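When we follow our numbering, the leftmost residue of the sequence shown carries the number 14, and every step to the right adds one. Just so you know, even glycine gets a beta-carbon here, dropped at the ideal spot from N, CA and C. In this text, all values refer to a predicted model and were calculated from it rather than measured experimentally. Notes for the one structure printed next.
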Amino acid sequence: MPQITFIEYSDKSHCVDAETGKSLMQIAIDHGIPGIDADCGGSCACGTCHVIVHETWQGKLPTAQEEEMAMLDMTPEPQPGSRLSCQLTVTDALDGLVVRLPEFQM
């Protein structure tokens, strides 16, 4: 089971075991990670599951599709590595993934 680390804006870390096949957003919700609102339930219709992928992982993830990029353009503070966690499916290859949460969700 891959381990994923979520780092809150306040720098508090949460290292969780992640079930493969689920979205990163669902993993955060399942583990009660603060800062992931997921208002649209994972349908890529809002930006409230915004995460910033650690630079060492950015090139290892699938490229964001046009729909995700449009939602990220509306986030208050997009950054290099910004992704919607609903669009990232957990696989064994993501063992050790680190993501930061922004100060505010959209």
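DSSP beta-bridge partners for residue i?
{"i": "residue 17", "result": "29"}
{"i": "residue 124", "result": "Because the chain is modelled from 14 through 119, residue 124 falls outside the range shown and cannot be assessed."}
{"i": "residue 65", "result": "95 and 113"}
Please report the distance separating the alpha-carbon of residue i from that of residue j.
{"i": "residue 14", "j": "residue 86", "result": "32 Å"}
{"i": "residue 25", "j": "residue 81", "result": "27 Å"}
{"i": "residue 60", "j": "residue 67", "result": "18 Å"}
{"i": "residue 83", "j": "residue 90", "result": "14 Å"}
{"i": "residue 104", "j": "residue 38", "result": "14 Å"}
{"i": "residue 62", "j": "residue 112", "result": "11 Å"}
{"i": "residue 18", "j": "residue 55", "result": "20 Å"}
{"i": "residue 35", "j": "residue 101", "result": "8 Å"}
{"i": "residue 53", "j": "residue 31", "result": "21 Å"}
{"i": "residue 50", "j": "residue 94", "result": "19 Å"}
{"i": "residue 119", "j": "residue 44", "result": "21 Å"}
{"i": "residue 23", "j": "residue 106", "result": "27 Å"}
Leaving out five residues on either side along the sequence, give the residues of the same chain with a beta carbon under 6 Å from the beta carbon of residue i.
{"i": "residue 6", "result": "Nothing can be reported for residue 6: it is not among the residues displayed for the chain, which extend from 14 to 119."}
Looking only at its chain, what residues have a beta carbon closer than 7 Å to the beta carbon of residue i, apart from the 5 residues adjacent to it on each side?
{"i": "residue 21", "result": "47, 48 and 114"}
{"i": "residue 92", "result": "65"}
{"i": "residue 97", "result": "57, 60, 62, 63, 81, 84 and 85"}
{"i": "residue 28", "result": "16 and 18"}
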